[in-house]
Every structure is written in structure tokens, then in C-alpha cells.
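First to last, the sequence lines map onto chains H and L.
Here the first sequence stands for residues 1 to 228, numbered as in my numbering.
Here the second sequence stands for residues 229 to 456, numbered as in my numbering.
Cβ atoms here follow ideal geometry from the backbone N, Cα and C, with glycine treated the same way.
Nothing here was measured: the structure is a model prediction, and the numbers come from that model.
As C-alpha cells, the structure follows; a few thoughts come after it.
Protein chains: 2
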Amino acid sequence: MRLLLVEDDNHVAAALSAVLARHGFEVTHARSGEEALRALVPESDGFGVVLLDLGLPDQDGYEVCGKIRKRTATPVIMVTARADVRSRIHGLNLGADDYVVKPYDTGELLARIHAVSRRSAHDDVSAPGENMVLLGSVRIELPNRQVTVDGSVVQLTRKEFDLLALLAQRPGVVFRREQIISEVWRTSWEGTGRTLEVHVASLRSKLRMPALIETVRGVGYRLVAPAS
Amino acid sequence: MRLLLVEDDNHVAAALSAVLARHGFEVTHARSGEEALRALVPESDGFGVVLLDLGLPDQDGYEVCGKIRKRTATPVIMVTARADVRSRIHGLNLGADDYVVKPYDTGELLARIHAVSRRSAHDDVSAPGENMVLLGSVRIELPNRQVTVDGSVVQLTRKEFDLLALLAQRPGVVFRREQIISEVWRTSWEGTGRTLEVHVASLRSKLRMPALIETVRGVGYRLVAPAS
DNA sequence: ATTACATCTGAGGGGAATCTGAGCATCACG
DNA sequence: CGTGATGCTCAGATTCCCCTCAGATGTAAT
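Have a look at this one:
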């Protein structure tokens, strides 16, 4: 599995990389927040997990985490010397999947990496095998995030695609609103806005097939399955 | 979201339940490993996360975690006083999603619960057979909230479906009115309204099989088991 | 800085889902 | 039968949920 290590201290990074490599990880090293974000372009990232050290020179580590979260769904483990509870809560609420305080035990870190990546293994869209979904005239290519309707490409934004991809994982089954929000937005965040509806509306209009996404009143949404 | 709290100390459980409830969780309390496992029967589980205290009277907490993992994909957060690294690693490698050491900060616990449930909002891969109930010519598909009678789809509203799904969990057994109301309406009100009757009536008419839902005078309702 | 776009927020409205209450039907029991 | 208790039907009234829209905020590229 590929792992992105964000850490400004070269010595620490080298030592940790060695350990991780010995346990089967393919480590990429980023020295700054900017470098990390550049590596995480959604179309080509393929990282299974991000190890994010908060003591970065160029940006606030929390900001970086927030930006990562907006860009991809790749799980993030924060690593930092800041042990106080407030920092932990802040980090976790920004969408981090775990928060480890230095100094940490390497074995535990490894166990936590495994725990986190175990969870998101399902969502992995890196294997180019059966990662295409066909629904009537709509074709969804998960790996390259492309959608075509009647053969012509439709440009979807990041959230639009994530939303569609989620629903397309199981056509016909109903996804609850909260479920969709936590999967697509991945941040504990109140539901007072009309955000989800807006994105659904935009999707419906772009796919030129409003009936494809069915709203299940009081519950959520689902894709209508092609006649079975 | 539903949460299963496994904790043998009633005082601790009560206090924690209150906090969790105040943050929007619907808490079920299990006092032993056995009780927890009984609550996690696939058909009625629906828990978003399990909080597992390791200091249980009847079984070793780690074993319970392993058994839970074999039974469902519901995320597990271990809570324990055992702080040593070896225990943490052991727990995480057994399939726990997070490991929190007592005494913990409640806010952090909440943040971790959110982080964990966020990550795994959907992954219990469901065999279609398990989540489908057949009653004569009526077929109920739980995941996609669809009901068909003689092969043709019947549109049910939210309450109608919830009500039918509840009764269908145990065909033949009688559900008491109050029981139905607290399950479907998730509130223990209901003084004097004719609400339940109205929904039952509507269900009967939509299913075109009035005899399917039998009213048990003075008690409640039940589905008649397919008599054949 | 400017621009283009993506995303989020809040108000307003419509329509389905749900609730309510009164009167009617049915049941259990004498 | 007669009677009270319980469940049923029906038609508004009401609530709730979702959609649309228009602008505010945020983000990435020039």
C-alpha cells in the first residue's frame, strides 16, 4: 500500500520510512503542506493513508488536513507533539481519522495505520478491473473519475462525482442523508444547510436524467436500478 | 445514529449514555459480552458503532471484540484502563477501529466516535437473501425499502414501510401498540391520536391483502405467518 | 489582483406525509 | 339483544421534508 508521509524533519522521516518500508508500505515523503497537497491530486493519488505531522514550516497543519479532506477521501492520521485534548478534538473534527501523540510507539502506530486503512480498503478504486458502472445511458468510470451520458463526456465537480460514485456503488439501495454526508464530506458537520440538496439538483441536471436519482422522502436518495 | 454501549458498571453506563444521548445518539446498553453479542444479531443490528469496555465480568473483552468482528462489520471502539502499548496493539489488531484509554476526555471520545463512524458509514456488505422477507406474495426488501406484491412494486411512505418492516421482523408474533409506537416513531408519546390505526389501514389497503396484518384486540398487531 | 468556478448558506414555497377528531363499525360479554 | 370498549374510516388541518433560487464564501488558476 502507498503511504504519504508529511514530515519536515528529514531524519525523522528517514527513520520512519525505513520502518514502514520494512512492513510493506511504499512510502512517499512530502516535506511541506504544499508538497503534500500537490501529491494528492485526486485523479492520480492512490495513497492508502496519509501520515500528517503537524509541525510544518509553511502552513498550519490543521489547515492542511482540512484541505486534504476537501480534496480526497484518503484517510489521514495526525501525528503531533500537541497532546492537549482541545487539539485532538480539533484535529479529529477536521476530518482526521486518528490522532497520535509523540512520542509514540512504532508498533502502535503501525497497528493504527492498519486499523484505519482496513476501513477504507473497500472504497479503493485503484484496481482498474470492474470499476465501471453502467446505468442506462450513464457510464461511470471510477478510476479516472469520468462520467459519460449517451457517449458524451459530462464534467462533474469533485463533490458531484463523489456523490454519484457513492450511490452507484449499490444501485437501487437507499442511502440515508447522514450516511451520504459522512461519506462524501467526511467531516463531522451539522446538517442545517441545504448543501446535499443543491448537489443532488446539480447532478440531476447535468446527467439530463432527473429520474435516475430518486429521492426517498424522509430517508435519503438512491439510484434507480435498471430493470431487474 | 444507534450506538451499542458495552459496560458492566451501571453508573458509568448511565452517565455516559446521558452524554451520548445529548449528542444525538440512540444508546443501547449491554452489561456483558453475551448480551452485546445478542444485540448484534445481523437482522436487528443497525448499530453505527460499538463502544466496548474491556473490563467485563463474563468474558475476556478481546474475545468479545473478535466475535463481534466475525459477526458484523460495525466499527468497534475499545475503552479500557489498560494503557500499555502491548494491549493497545493487541486490541487494534483484533479488528478494533480505535482504542481509548481511561480516564478519557468525553469530548475526545465523542470526536473519535464521529471519526470512526464517518469512516465506515457503509460497508456491511449485505447478501440480498438475508435482508429480504417473504410473506406469501409480499416481498419486502429492507435495504432498498421496496415492497412488491405479486411482483409489482408498491409505493410505501416512510412510516408505512417502517411499520411493515417492524412487524415483518417476526411474523406471527404480536407487537403491542406501545411497542410499535416507540419503535417506529422513536418517541414515547401518543396519548389519544388515531395515528397508528390510520397507518395500519393505509398499509392494508396498499398491500391489497387486508388479512395479512391481523389486529389483536386490546394488544396490538401482528403479521399472519404464511399459512401453507 | 483578477477571474472563474466550486461550494455553501438561507429564505421561500409547494406538496406529500402525517396527524387529529368525530362519528361509525365491530367485538366481547352479560 | 344491549352496552361499553376498542378499533376503523374519513376528511380536513398541519407539519415536515425537499426543491429552487440567488447570493455569499471559499478555492484554484491566470
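Using a Cβ cut-off of 7 Å, pull out every chain H residue sitting near L/Gly-335, in sequence order please. Residues of chain H passing the Cβ test: Val-85 and Ile-89.
Select from the segment 193–226 of chain H all residues with a C-beta closer than 9 Å to any C-beta belonging to chain L, and list them in chain order. Within the segment 193–226 of chain H, the qualifying residues are Val-216, Arg-217, Gly-218, Val-219, Arg-222 and Ala-225.
According to DSSP, L/Gly-252 sits in a beta bridge with which residue or residues? Partner residues in a beta bridge of L/Gly-252, as assigned by DSSP, do not exist.
Whether or not the segment 88–106 of chain H and the segment 338–346 of chain L are in contact is what I'm after, with contact meaning three or more pairs of Cβ atoms, one per stretch, closer than 8 Å; do they touch? Flag = yes, the segment 338–346 of chain L and the segment 88–106 of chain H touch.
If the criterion is Cβ atoms closer than 7 Å, does the pair H/Ile-68 and L/Ala-339 meet it? It is not a contact, given that the beta carbons lie outside the stated cut-off.
Measuring CA to CA, which of H/Ser-152, H/Gly-218, H/Leu-166 and H/Leu-109 is closest to H/Leu-51? Nearest Cα to H/Leu-51 within the set H/Ser-152, H/Gly-218, H/Leu-166 and H/Leu-109: H/Leu-109.
By DSSP, does L/Gln-374 sit in helix, in strand, or in coil? In the structure shown, L/Gln-374 sits in a strand (DSSP, three-state: E or B).
Do H/Val-138 and H/Leu-223 have their beta-carbon atoms positioned less than 7 Å apart in this structure? Taking 7 Å as the Cβ cut-off, H/Leu-223 and H/Val-138 do not qualify as a contacting pair.
Find the residues of chain L that neighbour H/Asn-10, judging by a C-beta separation of less than 8 Å, and give them in chain order. Those within 8 Å of H/Asn-10 in chain L number zero; the least Cβ separation is about 27 Å.
Taking contact to mean at least 3 C-beta pairs separated by less than 8 Å, is the segment 198–205 of chain H in contact with the segment 148–155 of chain H? No contact exists between the segment 198–205 of chain H and the segment 148–155 of chain H.
Quick one: residues in its chain with C-beta nearer than 7 Å to the C-beta of L/Ser-354, no 5 flanking neighbours on either side, listed in chain order? Because the pLDDT at L/Ser-354 is just 45, under 50, the model does not fix this residue reliably, and the point stays unresolved.
With DSSP collapsed to three states, give me the class of H/Arg-158. When secondary structure is reduced to three states using DSSP, H/Arg-158 falls in the helix class.
Looking at the strands, I want to know which residues DSSP matches up with H/Phe-175. H/Tyr-221.
Hey, which unbroken runs of the beta strand (DSSP E) at 3 residues or more fall wholly within the segment 242–325 of chain L? Look at the segment 242–325 of chain L and you find these whole runs of beta strand (DSSP E), each 3 residues long or longer: 254–258, 277–281 and 304–308.
Starting from H/Gly-61, find everything on chain L with Cβ-Cβ shorter than 8 Å and list it in chain order. By Cβ distance, chain L contributes nothing, its closest Cβ being about 16 Å from H/Gly-61, past 8 Å.
Going straight from the alpha carbon of H/Arg-82 to that of H/Gly-24, what length do you get? Their backbone Cα atoms lie some 29 Å apart in a straight line.
Could you check whether the Cβ of H/Val-244 sits closer than 7 Å to any Cβ belonging to chain L? This structure does not reach residue 244 of chain H, given that chain H is present from 1 up to 228, and the question cannot be answered.
Return the first residue and the last residue of the alpha helix (DSSP H) that H/Glu-197 is part of. It spans 195–207 - the alpha helix (DSSP H) in which H/Glu-197 sits, taken as one unbroken run.
7 Å Cβ cutoff, L/Asp-325 in contact with chain H: Cβ-Cβ to chain H under 7 Å: yes for L/Asp-325.
When you compare the CB positions of H/Val-79 and H/Asp-60, do they come within less than 7 Å of one another, or not? Against a cut-off of 7 Å, the Cβ pair of H/Asp-60 and H/Val-79 comes out as no contact.
Is there a Cβ from chain L that is less than 7 Å from the Cβ of H/Asn-93? At least one CB of chain L lies nearer than 7 Å to the CB of H/Asn-93.
Would H/Arg-71 and H/Leu-40 be called neighbours here (beta carbons separated by less than 7 Å)? Yes; because the gap between Cβ atoms is below 7 Å, this pair is in contact.
By DSSP's criteria, H/Val-184 is part of a beta bridge. Which residues make up the other side? In the DSSP assignment, no residue is bridged to H/Val-184.
Cβ-based burial, H/Leu-3 [other Cβ within 10 Å; buried from 16]: It counts as buried.
Boundaries of the alpha helix (DSSP H) in which H/Glu-108 is found, first to last residue: Taken as a continuous stretch (DSSP letters only), the alpha helix (DSSP H) holding H/Glu-108 covers 106–120.
Sort L/Arg-405, L/Ala-439, L/Leu-440 and L/Pro-438 by Cα distance to L/Thr-423 and report the nearest one. Among L/Arg-405, L/Ala-439, L/Leu-440 and L/Pro-438, the Cα nearest to that of L/Thr-423 is on L/Arg-405.
How would you label H/Glu-160, buried or exposed, when you count the other beta carbons within 10 angstroms and need 16 or more for buried? Buried, by the Cβ-count rule.
Using the Cβ count rule (16 or more neighbours within 10 Å means buried), how would you classify H/Ser-205? Counting the other Cβ atoms within 10 Å of the Cβ of H/Ser-205 gives fewer than 16, which makes it exposed.
What does H/Ala-115 touch in chain L if you count any residue whose Cβ is under 9 Å from its own? In chain order: Leu-320, Asn-321, Gly-323, Ala-324, Asp-325, Asp-326 and Tyr-327.
Taking 7 Å as the threshold (beta carbon to beta carbon), is L/Asn-359 in contact with chain H? So no, L/Asn-359 is outside the interface.
Should H/Gly-220 and H/Val-184 be called a contact, given that it needs their Cβ atoms to be closer than 7 Å? No.
CB of H/Leu-164 within 7 Å of CB of H/Leu-134, strictly: Cβ distance not < 7 Å, so H/Leu-164 and H/Leu-134 don't count as in contact.
Quick one: using the 10 Å Cβ neighbour count with 16 as the cut-off for buried, is H/Asp-9 buried or exposed? Classification of H/Asp-9: exposed, given that the 10 Å Cβ count is below 16.
Please check if any C-beta of chain H sits within less than 7 Å of the C-beta of L/Asp-352. Annotation note: pLDDT 48 at L/Asp-352 (below 50); position unreliable, coordinate value reported separately. Taking Cβ atoms only, chain H never reaches closer than 7 Å to L/Asp-352, which makes this a no.
Could you list the residues in the segment 239–264 of chain L with a C-beta less than 9 Å from some C-beta on chain H, going in chain order? For the segment 239–264 of chain L, no residue has a beta-carbon sitting nearer than 9 Å to a beta-carbon of chain H.
If you count every other CB in all the chains shown that lies within 10 Å of the CB of L/Val-381, and 16 or more means buried, which is it? A residue is called buried once 16 or more other Cβ atoms fall within 10 Å of its Cβ, and L/Val-381, having fewer, is exposed.
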